[in-house]
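For the sequence shown, UniProt numbering begins at 1 and goes up steadily by one.
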Amino acid sequence: MTPFDQRINDAFPGKVVRKDLTSLVKGNAVVPTFVLEYLLGQYCATDEEDTIREGVEMVKKILGKHYVHREQAELIKSQIRDRGTYRVIDRLSVELDDRQDVHVATFTNLGLKRVPLRDEWVRRFPKLLTGGVWCLIDVAYESREERDAVPWLVENVKPIQLSKFDFVDYLLGRDKFTTEEWMDVLMQSIGFNPEHFGRRNKMLQLTRLISFTERNFNFIELGPKGTGKSHVFSEFSPHGMLISGGEVTLAKLFVNNASGKIGLVGYWDSVAFDEFAGPEKRIPQNLVDVMKNYMANKTFSRGRESLGAEASMAFIGNTKRSVNYMLKHTDLFEQLPKAYYDTAFLDRLHFYLPGWEVDIIRGEMFTAGFGFIVDYLAEILRFLRSEDFGTYYQKYFSLDATIATRDRTAIHKTFGGLMKVLFPGGECTKEEVRELLEFAIEGRRRVKLQLMKMDETFREREVRFVYLDKETETEHEVITLEELQYDRALSGARTQVQSKDEKSRVEKPGTVDPEAVESLATAPVEAQEPERLPTGINIVVKENQRGVSYENLFGDYLKGVSEIHIVDPYIRHFYQVKNLHELCRLVYRQKEPGDEVCIHLITNAKPEEHAEVEKLLCQLESSLFASGIDLSFDIQPDRAQHDRYIETDTGYKIILGRGLDIFQPYDLNDHFALANTVQEERSCKGFEVTIVG
């Protein structure tokens, strides 16, 4: 157990579980994660290894004995008949037989249908009527002589979910972690190793939780396959319903006019549409019309009666084109079914999560650390649905007057949801508020920009996605990441307003003060004089930004050099030495044939790392020698050294905020992935580069 895992256990005793245990006990049981962790929470919510081992074996026995596999259904039925009663784990759904005036149950895996169920169970657990609930069920068999009589009886029903929790204890536990640490706790709780995610990627993952803690939150995520879009909505909470295939009837979703039965939105906190994309899908127009009214007003009509509900809506699907192509030729909604490709419908969306920024899930991304039993966290998030943090930012900031009511509502809901996830006690710093506000504005701006492309009426009214810092009276415009990195596909770069009295600057790779240079990202730097290049340049790259490389950041400043001095204390691991290799390759391409360039590196290493670092650098040194690159290095003891820069004998100093380690983790073992050889195809960490001379 790591010290961090120990702290999690100390802060939330009995409410966390080791996340790799889920895969150990699951076997071939096709059950949601919250079902497995409910059982693990009964026997394995501890940090004692002996107890964990015993608990895992107990859960395996329970699943082996009581979970119903479809292929074993007839065997289980026979055992129930022989024993008289038997406990099973199955998904139970119920409907009303109005002819017999009785509720009847269907067992998903056991295959039993029309089993009479006492009304008391339906009154206690109404979600049984809306798609079904995983339960521990005591099933009895009683032979009857009446014709068509059903011999099966349900003696007891216990939904698999948490019965109670203490919210004050949750807040006290939260206070023991910094914001970054709390994000890591939540990442481990949903099954991911936070070490493989940057801060923005963590935010993207955690934004999926808003549907469970914010009422009537309308969310969409479109992106490549394999990024885990549906995982949270299918596995995380017993209060969410995932509709596979993205197709659903009006009666099932809202209300059945014939029976008066309320649909999914009346019983579930979150209704998610999986595989939502697909232009070929045929969707009834009346369903979309009712959905538009519900998403805007939280109500839907049944005849003359108007009903309200609180379920959030999530739409998740795959894109087939690159972001660059969609921005240039179509729009980011191009893959939606025709009926949903409607600006009135899309305008109801509060947040568009850029699925193309989310990495394809790899095995090493999963955690073996401790996280909340997902059912416990699901209950906390559900409890917070009654709270409203949407306007908390107004203590420090205000939105621009041109932001319309619908845009403002979207920003409030996203901001409030993120507050509940990250700061459930409502206490955070001004800069933390700023981060959440900018993230919320960005998600709504992404929607609005596409609407402006699709329908000219949205361009008639000016809107500035700008907020004002009340303390400094400084305006800040929020720009989506794809606008920065794919601006060549757009009409032009957009500026971020620094203040009313200051000139704007464009924060993108290679973009600097306009008085110094027009653009370093889209074209090589033009020297004002043949022998000198512009200096006093500050380049800002945002987290997850693509299209960035050493060459378009500072490549021109390495031309004509004969000596380069590099200080970077974090050239220690293989991927970091690979970064150094790529810099040397750039120098090789920039130098004149026949010239030699001496590169000297100063880095740090812990005593236990020294031998491995030296081995890697010696290997790189040998490989470069015949190419005219003379590499030397000095490995110093690990100490608190944060200077990271490149200095050339031509008089330039390139100050590196993160050193050469500017890229997010990518799959080094996928030899055919462009990211392995093309830096521009990698997602970046957030950093700055300053060039002085």
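Virtual Cβ for every residue (Gly too), placed ideally from N, Cα, C.
Take residue i as the anchor and find which of the options has the nearest alpha-carbon.
i	options	result
F389	D400, D407, P424, R408	P424
A339	K292, I566, S23, V374	K292
H565	G628, C618, Y645, I539	Y645
A309	F125, L353, S301	S301
S234	A314, A251, D643	A314
Y376	A410, P238, W134	P238
E614	W134, V577, D643	V577
F366	Q188, L172, D630	Q188
V541	E483, Q335, N193, V421	E483
N324	E608, C135, G547, G198	G547
N156	V122, A401, N193	V122
V248	R282, N257, F236	R282
F439	L418, E621, V150, I220	L418
H600	S622, E563, Y575	E563
L617	A404, T207, N579	N579
T474	L399, L481, R445	L399
D667	R658, T677, L660, R200	T677
E460	A404, R444, W134, G132	A404
E592	G628, D568, Y570	G628
Which of the three DSSP states, helix, strand or coil, is assigned to residue i?
i	result
residue 709	Absent from the model: residue 709. The displayed extent of the chain is 1 to 693, so no value can be given.
Y588	helix
Q576	helix
P238	coil
A489	Because A489 sits at a pLDDT of 45, beneath the cut-off of 50, its placement in the model cannot be relied upon, and the point is left open.
E477	strand
G223	strand
E95	strand
H69	coil
R494	Low confidence applies to R494: its pLDDT is 35, below 50, so where it sits in the model is not reliable enough to give any reading.
P524	Confidence is the limiting factor: at P524 the pLDDT is only 42, short of 50, which leaves the residue's position unreliable and the question unanswerable from this model.
N544	coil
T690	strand
R505	Residue placement at R505 is poorly supported in this model, since its pLDDT is 35, which falls under 50; the coordinates still yield a value, given next. Three-state result, R505: strand.
T603	strand
S519	Only weak support exists for where S519 lies, its pLDDT of 39 falling under 50; the value from the coordinates is given anyway. Looking at S519 - three-state DSSP - the assignment turns out to be coil, as it is neither helix nor strand.
I537	strand
G510	With a pLDDT of 41 at G510, under the threshold of 50, the modelled position of that residue is not reliable, and no figure is offered here.
F333	coil
A11	helix
V30	coil
Under 8 Å by Cβ, that's how I've got residue i and residue j pegged, so tell me the actual separation to the nearest angstrom.
i	j	result
F465	V478	5 Å
Y396	E471	7 Å
R215	S312	7 Å
L222	Q335	6 Å
F254	V232	Going by Cβ atoms, the distance from F254 to V232 rounds to 24 Å, so no, they are not a contact pair.
L128	V154	No, L128 and V154 are not in contact; Cβ-Cβ is about 11 Å, not under 8 Å.
Q619	Q545	Not confirmed; about 31 Å, so no contact.
L96	H103	6 Å
G369	D5	5 Å
D643	V692	At roughly 14 Å, the Cβ-Cβ gap does not stay under 8 Å, so D643 and V692 are not in contact.
Is residue j closer than 8 Å to residue i when the C-beta atoms are compared?
i	j	result
Q45	K15	Checking the sequence shown, residue 45 turns out to be Ala, not Gln. Closer than 8 Å, so yes.
L437	F415	yes
D90	L110	yes
Y557	L533	yes
I52	G226	no
D274	L242	yes
L204	E48	no
T690	G560	no
L21	L39	no
L206	L346	no
H196	E71	no
V447	Y550	no
I220	L327	no
F212	G240	yes
A29	Y86	no
R445	T480	yes
D630	E596	yes
Is it the case that the CB of residue i approaches a heavy atom of the ligand HEM more closely than 7 Å?
i	result
V255	The model depicted lacks the ligand HEM and carries no ligand whatsoever.
Every unbroken alpha helix (DSSP H) inside the stretch 608-674 [4 residues or more]: 610-625
Kindly provide the ranges of any alpha helix (DSSP H) runs that are 4 or more residues long and lie completely inside the stretch 366-446, ordered along the chain. 374-383, 405-422
Complete beta strand (DSSP E) runs within the stretch 229-280 (minimum length 3 residues, chain order): 240-243, 270-273
Could you pull out every unbroken alpha helix (DSSP H) segment of at least 4 residues lying fully inside the stretch 136-218, listed in chain order? 167-174, 179-189, 199-207, 210-213
Only counting runs of 3 or more residues, tell me where the beta strand (DSSP E) segments fall wholly within the stretch 295-327, in order along the chain. 299-302, 305-308, 312-318
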